[in-house]
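Heads up: the protein sequence lines correspond to chains A, B and C, in order.
Our numbering puts the first residue of the first sequence at 484, with every later residue one more than the last.
Our numbering puts the first residue of the second sequence at 883, with every later residue one more than the last.
Our numbering puts the first residue of the third sequence at 521, with every later residue one more than the last.
Glycine included, each C-beta is placed from N, C-alpha and C at the ideal position.
Fair warning: this is a prediction, and the values are worked out from it, not measured in the lab.
Here's the structure, in structure tokens; my notes come after.
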Amino acid sequence: MSVELATRLIDILGGLLLFTMLLILAAGQLFRAIYAVAAQAVFLGIAGAVLAAATGNVDLWIIAGITIVAKAVLLPWLLMVVVNRVHISREIESVMPASLTLILAAGIVVLAFHLNASLGPVRQAITGNALPVGVTLILIGVLVMASRRKALVQMVGLFASENGIFFTAMAVSQGMPLIIEIGVILDVVLGALVMGILVLRVRSSVDTDIADLEDLRG
Amino acid sequence: MRRVAVWVGHLSIGVAAVLVAIFALGFLTGSAPAAHLDLPRLFPFAAMSLSVDGLSAFFLLVISLVTAAAAMYAPSYLGAHAHAPGVQTLALAAFVVCMALVCCAGDLVTFLLAWECMTLSSWVLVVSDTRNEENARAGLLYMVVAHAGTAALLVSFLVLAERGGGLDFPALRAAAAGLDPSTRTAVFLLALAGFGAKAGVVPLHVWLPKAHPAAPSHASALMSGVMLKVALYGIFRFAFDLLAVPGGPLPASWGWTVLLLGTASAVIGVLLALQQHDLKRLLAFHSVENVGIILIGAGVAMLLGGGRGPAALATLALAAALLHTLNHAAFKGLLFLGAGSVLARTGVRNMEELGGLARRMPWTAWLFFLGAVAISALPPLNGFVSEWMTFQALILGATRLGASGLLAGVAASMLALTGGLAAACFAKAFGVTFLGRPRTAHAEHATESPAPMIAGMLLLAVACVALGLLPGWAMRLLDRPTAELLGGAGASAAVTARGPMILAAGDATAGVGATAISVTAVAALFALLAALAWALRGWPRRAPRRLAPTWTCGMTPSARFDYTGTGFAKPLRLIFAALYRPRREILKETGPSPYVIRRLSYQGEVVDLAETVLYARVKHWIASAAHEIRSYSTGRIHGYIAFVLVTLVVCLLLFARA
Amino acid sequence: MDAIIAQVSRTLAQAVLLVAAGPLVTGIVQKGKARLQCRAGASVWQPYRDLLKLLRKGTVQSDTASPFFRAVPVLVLAATVTAAALVPVLWTPGGGDLPFGDAILLVALLALARFLLAVGALDAGGAFGGMGASREMTVGLLVEPALMLSVFSVAVTGGTTELGLLAARREALALSWTAPDLLALFAMLILTLAETGRIPVDNPDTHLELTMLHEGMLLEHSGPGLACIVLATHVKQLVILSLVAALFLPLGLAQGWGAAGLGLALGAFALKVLALSGFLVLVESSYAKLRFFRVPQFLGLGFVCAFLALALRVL
């Protein structure tokens, strides 16, 4: 695979990742957000495979495979199980009006691409505009966590942020070392498992509005 | 006797306007050098003069077009139901003469004198109808804002005059050339504030929706269509002529400021216009919107002029702004004259009390419709041509502005939004006022306006159509102003290089990218297709046609079933609630059970945010400051004399140094 | 002179093609929806039969309507067909062509058609027309900024908004899409749903007046007038689909009148329109109509997509 073809493919995949991020942000229902983050993981896996084919780095193949299995199949499946098992409200409620979140997201994109110019020495040529896209994904994932009320949507935001971290790492240094990548994915899986068990078991307060945590005051 | 005097007065105004138009046309299409006329010395310290160059001649043309139409219209309008027609005629004559003098002024004193007289005479027109006490308050607000603006203008002019040798424009130009950048920017911002207050730029537009409707309709047409343009003339004169950096570009911040103010004015003006149900207030808010659109074009011209971008692009942008000036004067004048006809025949300005006027006043209705299509920037009329040129200036400019092209893109999308909002607003205004069933007896007994009023509207309608279908002709008028202000070839070379009926923006040979359209050809195709479809509607056989009442779910049709203007604009009120902050009050009067409602009263209000947030606070601050100062006037003579003594001593200490 | 005649004939041929094929595309979408819903569905030629039926019927006009009401269908059809003449469907432009219209003029012509329909709806009096007109104008004006941004992002590299030149650029670039292209395409697809009046913005099959946006404006028209407006709706849908195809889907534009080239161009155009119709079918069958005050958020998503496309291209 030539370098130029790889750059172009990663460019296009970056655009697709941005679009799925917007879908997560604009999702009105929980399962749409979960599908969007699963699609995001698929695109990420493909990007990893493309980079692996272009640079010949065997670790990247493994990481791409783990990404697709864990973050495109396992974790979304886990979230869907929780959503289906427990009768929580499927609608995503947010703290600020939808138009404000969209404007903030647009501002974040402009910021990331503006910073791209000064981050020139850090990124590699082969991954094109992966660095600003990755930074955007991280920041918008955090925005999703900050602006949504229910715990499950915030998990989706966390997954999206983690996708962004992986994409950024890919842009800067051909992915993180294998051991760190496996560690991070294990952490995320563990977090999702803990959250899932909590939500499943504690059925009475399942419709947990994170804002209720404010009642836990001294 | 008074009627004859009014007719004679307006006739002379009209004849003078036609003569001035002929002079301006001759000047613009010819190649005579800038005319100069020295006036007799009224003041010992200043030599007064008049000087006409390309820009002045173009604005003279704008003034005379609308004046001619208003002069035809006014006598019948005033004859019907005016209050003090003699005073209004005199004030109108003074108003028009002063506007022309502002555009022709060659030095500081003439300019400011004419500016002040323009404000005074328009104030007389605003408060002339003493039957309505709202007019007096509107006039007061107008005077306050106008004088605040003039104060800012005075300061900026005087800064230039102090550095320079004299008070005439060449001396001011030379003085500006020697200024350091920060002073120059300060002068520009002051001038922008001063002229912007008069032009109705957000947030200094608050007087506009109160003052314009108060004046008689032909005066409103002149104030909206022409006086705002005279204020914009001031901005053009300052930015491109007096403060121009010789041989270099203007600072980029100026262009971005003007672009931002223009975009904000456009969006806010049209959003507030949508929620009005008073026809003339609605039109006044639309003037704010169109001033914004003109400033967008001017901003792009400032950004690209002087060598920062290709000369053709800067000329395109400036030509777009100047053409929109002329176009807006034409269609806004037409719309105000139409609204005036409605007011004259029905006595009602509130569109929720009208309806069904299209069958009773057909000429007024369809001329108003023409104006509505023009102001909504729909092809093939003139509003579309100038907005198309503004879009092209933004798109082609974005290719030159690098990363800031993103802001140009957002400005273009906001411009598209205002076009859509304007179309929705005029669908509402025209539909609720003229179509459907008459809602009150006033509307039911309306009759068509007399012929002179229709003639005035017809003149402006012809101008709208001609400016849309013959852009080459319009560009010839803009050759001199654009060439003089920006250098380079004129507007014709930049826009209609490929032919008089083809709008060609950009220049492929200069590597700028080029787009060419022909509104005339498209309009011809549209007419052809419409004729074809109309001829074919009798095929395969002429279908029988019968009339029946509109279906109203089985109830007797009445005007209560027609959609109201408030209802039409309600979805937008909800969607843009963050910008409107609408106030809503529902009062329910229930009977014995809470489910039986005897009476329901709904009150909804949308107040201009600038008034509540900005002006209320400023008024409050001024009032409290005045209250504080009042405590110092104790009423004892010794206190006052001591105050004078202290002031004298302080002044001596401060100014005796130099 | 020859070149001008050739160009005019090409323009008219494209317009005739779009007018003739408009109802067929609607028929295909209806058939596709029916099949997905496990129904047999009406034949793909049914819209033509509906139009002929309407032409044979008489007209019933409201007694409050002005003479303008009779002219509205004709003007709307003329405006829409004029817009159809502006879209590059089969040919790339030759050199030194007579300029006709660009993307902005096309959008403005469609806006003119919508304006005339809205005013006509208010003409007949009654509440349904006013409600439909108000909602349609609201959705229309919310589409405009996103549409302008998409056109801007495509036009800013070439520095032109002429559709023929943009289609030729897309031809030349063939399959090399970039991220901004993709994002602009997604934005245009969202806007297509709004402009063609399909679910999730509007339901074209509804018979309940309170759920109508576009149909609400048509309630008072009947007979040949209604046939004109329905034909205009079909043509407008095909115009929007061919606009998306011309700006984003490359390949297949012909150069001259050669039979092989023309056949290839026709086939390529049919494929692109079928793909986009498939998209419409899938979306219409998978989603429900949005509540009216959720539509601005949906269109806001399109606006942000277009904004991102411009940002990626410019920054």
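Please compile the residues from chain B whose C-beta is within a distance smaller than 9 Å of the C-beta of residue 813(C). The count along the third sequence starts at 1 and reaches residue 813(C) at position 293. The answer, in chain order, is 1453, 1456 and 1457.
Residue 635(C) touches chain B at which residues, Cβ-Cβ below 9 Å? Position 115 of the third sequence, counting from 1, holds the residue named residue 635(C). Within chain B, the residues near residue 635(C) are 1254, 1255, 1258, 1260, 1305, 1306, 1308 and 1309.
Test: residue 645(C) CB closer than 8 Å to a CB of chain B: Counting from 1 along the third sequence, the entry for residue 645(C) is found at position 125. Judged by the 8 Å Cβ criterion, residue 645(C) is in contact with chain B.
Every unbroken alpha helix (DSSP H) within the stretch 594 to 665 of chain C, with a cutoff of 4 residues, ordered by chain: 623 to 643
Taking only three categories from DSSP, how would you classify residue 607(A)? Here residue 607(A) is taken as the residue at index 124 of the first sequence, counted from 1. If DSSP states are grouped into helix, strand and coil, residue 607(A) belongs with coil.
Cα-Cα separation, residue 638(C) to residue 1440(B): Position 118 of the third sequence, counting from 1, holds the residue named residue 638(C). Position 558 of the second sequence, counting from 1, holds the residue named residue 1440(B). Spanning the two alpha carbons is a distance of roughly 21 Å.
Less than 8 Å between the CB atoms is what I'm expecting for residue 1008(B) and residue 1014(B), so what's the real figure, rounded? Indexing the second sequence from 1 puts residue 1008(B) at position 126. Indexing the second sequence from 1 puts residue 1014(B) at position 132. Contact flag wrong, Cβ pair sits at about 11 Å.
Report the CB separation of residue 644(A) from residue 621(A) in whole angstroms; it is logged as a contact under 8 Å. Reading the first sequence from its first residue, position 161 is the one you call residue 644(A). Reading the first sequence from its first residue, position 138 is the one you call residue 621(A). The pair is a contact, with the Cβ atoms about 5 Å apart (cut-off 8 Å).
For residue 777(C), count neighbouring Cβ atoms within 10 angstroms of its own Cβ and tell me buried if that reaches 16, exposed if not. Reading the third sequence from its first residue, position 257 is the one you call residue 777(C). In summary, residue 777(C) is exposed, with fewer than 16 beta-carbon neighbours lying within 10 Å of its beta-carbon over all protein chains present.
Excluding the five sequence neighbours on either side, which residues of its own chain have a C-beta within less than 7 Å of the C-beta of residue 1228(B), listed in chain order? Here residue 1228(B) refers to the residue found at position 346 of the second sequence. Within the same chain, residue 1228(B) has close Cβ partners 1236, 1324, 1325 and 1328.
Under the three-state DSSP convention, the category residue 1092(B) falls into: Taking the first residue of the second sequence as position 1, residue 1092(B) is located at position 210. Three-state result, residue 1092(B): helix.
Helix, strand or coil for residue 515(A), going by three-state DSSP, please let me know. Translated into the one-based positions of the first sequence, residue 515(A) becomes position 32. If DSSP states are grouped into helix, strand and coil, residue 515(A) belongs with the helices.
Identify every residue that forms a DSSP beta bridge with residue 753(C). Translated into positions along the third sequence, residue 753(C) becomes position 233. For residue 753(C), which the question treats as bridged, DSSP gives no partner whatsoever.
Distance cutoff 8 Å, beta carbons only. Does residue 573(C) sit that close to anything in chain B? Position 53 of the third sequence, counted from the start, is the residue given in the question as residue 573(C). Not one chain B Cβ lies under 8 Å of residue 573(C).
Does DSSP classify residue 695(C) as helix, strand or coil? Taking the first residue of the third sequence as position 1, residue 695(C) is located at position 175. Reduced to three states, the DSSP call for residue 695(C) is coil.
Does any C-beta atom of chain B lie closer than 8 Å to the C-beta of residue 679(C)? Counted from its first residue, the third sequence places residue 679(C) at position 159. So, interface residue.
Is residue 676(C) closer than 8 Å to residue 1280(B) when the C-beta atoms are compared? For the purposes of this step, residue 1280(B) is taken as the residue at position 398 of the second sequence. For the purposes of this step, residue 676(C) is taken as the residue at position 156 of the third sequence. Yes, Cβ-Cβ distance for residue 1280(B) and residue 676(C) is below 8 Å.
Rounded Cβ spacing between residue 1373(B) and residue 1201(B) (contact assumed at less than 8 Å): Here residue 1373(B) refers to the residue found at position 491 when the second sequence is read from its first residue. Here residue 1201(B) refers to the residue found at position 319 when the second sequence is read from its first residue. Rounded, the Cβ-Cβ distance is 4 Å, consistent with contact.
Ignoring anything shorter than 4 residues or poking outside the stretch 1147 to 1173 of chain B, list the alpha helix (DSSP H) runs there in chain order. Uninterrupted alpha helix (DSSP H) stretches at least 4 residues long and entirely within the stretch 1147 to 1173 of chain B do not occur.
Pull up the distance between the alpha-carbon of residue 1080(B) and that of residue 939(B), whole angstroms please. Within the second sequence, the letter at position 198 stands for residue 1080(B). Within the second sequence, the letter at position 57 stands for residue 939(B). Taking the straight line from one Cα to the other gives about 21 Å.
Per DSSP, residue 1428(B) is paired with what? The residue you call residue 1428(B) lines up with position 546 of the second sequence. The partner list for residue 1428(B) (beta bridge, DSSP) reads 580(C).
Contacts of residue 1384(B) in chain C (Cβ-Cβ under 9 Å): As a first step, residue 1384(B) must be located in the second sequence, where it is residue number 502. What residue 1384(B) touches in chain C: 618 and 619.
With contact counted as at least three CB pairs below 8 Å, one residue from each stretch, are the stretch 638 to 657 of chain C and the stretch 1444 to 1463 of chain B in contact? Verdict: yes, contact present.
Taking 8 Å as the CB-CB cut-off, is residue 558(C) touching chain A? In the third sequence, the residue the question calls residue 558(C) occupies position 38. For residue 558(C), the answer is no, since every Cβ of chain A falls outside 8 Å of its Cβ.
Comparing C-alpha positions only, which one of 945(B), 1069(B), 957(B) and 1360(B) sits nearest to residue 874(B)? This structure cannot speak to residue 874(B), because chain B is shown only from 883 to 1540.
Range of the contiguous alpha helix (DSSP H) that encloses residue 817(C): Taking the first residue of the third sequence as 1, we reach residue 817(C) at position 297. Looking at the DSSP string, the run of the alpha helix (DSSP H) that includes residue 817(C) is 815 to 834.
Which residues of chain B have a Cβ atom closer than 7 Å to the Cβ of residue 655(C), listed in chain order? Along the third sequence, read from residue 1 onward, the residue named residue 655(C) stands at position 135. Here the neighbours are 1453.
Residue 1324(B) by DSSP, collapsed to three states: which one? Your numbering for residue 1324(B) matches position 442 in the second sequence. Helix at residue 1324(B).
Using CA atoms only, rank isn't needed, just tell me which of 1348(B), 1108(B) and 1092(B) is closest to residue 1265(B). Taking the first residue of the second sequence as 1, we reach residue 1265(B) at position 383. When only C-alpha atoms are compared, the closest one is 1348(B).
Could you run through the stretch 679 to 708 of chain C and flag, in chain order, every residue whose CB is less than 9 Å away from some CB of chain A? Answer set for the stretch 679 to 708 of chain C: 696, 697, 698, 699, 700, 701, 702, 703 and 706.
Those residues which DSSP pairs with residue 830(B) across a bridge: There is no way to answer for residue 830(B), as the model of chain B reaches only from 883 to 1540.
Between the stretch 801 to 831 of chain C and chain A, which residues of the former have a C-beta closer than 7 Å to a C-beta of the latter? Hits within the stretch, in order: 817, 820, 821, 824, 825, 827, 828 and 831.
Using the Cα positions of residue 1025(B) and residue 945(B), report the straight-line distance between them to the nearest angstrom. Counting from 1 along the second sequence, the entry for residue 1025(B) is found at position 143. Counting from 1 along the second sequence, the entry for residue 945(B) is found at position 63. Approximately 22 Å, taken between the alpha carbons.
Buried or exposed for residue 740(C), please, with buried defined as at least 16 other CB atoms from any protein chain shown within 10 angstroms of its CB. On the third sequence, position 220 is the one that residue 740(C) refers to. It is buried - the Cβ of residue 740(C) has at least 16 other Cβ atoms within 10 Å.
Have a look at 595(A), 630(A), 655(A) and 670(A) and flag the residue whose alpha-carbon is nearest the alpha-carbon of residue 835(C). By one-based count along the third sequence, residue 835(C) stands at place 315. Answer by Cα proximity: 595(A).
Rounded to the nearest angstrom, how far is the Cβ of residue 1450(B) from that of residue 1314(B), given a contact under 8 Å? Your numbering for residue 1450(B) matches position 568 in the second sequence. Your numbering for residue 1314(B) matches position 432 in the second sequence. That pair is a contact at about 7 Å.
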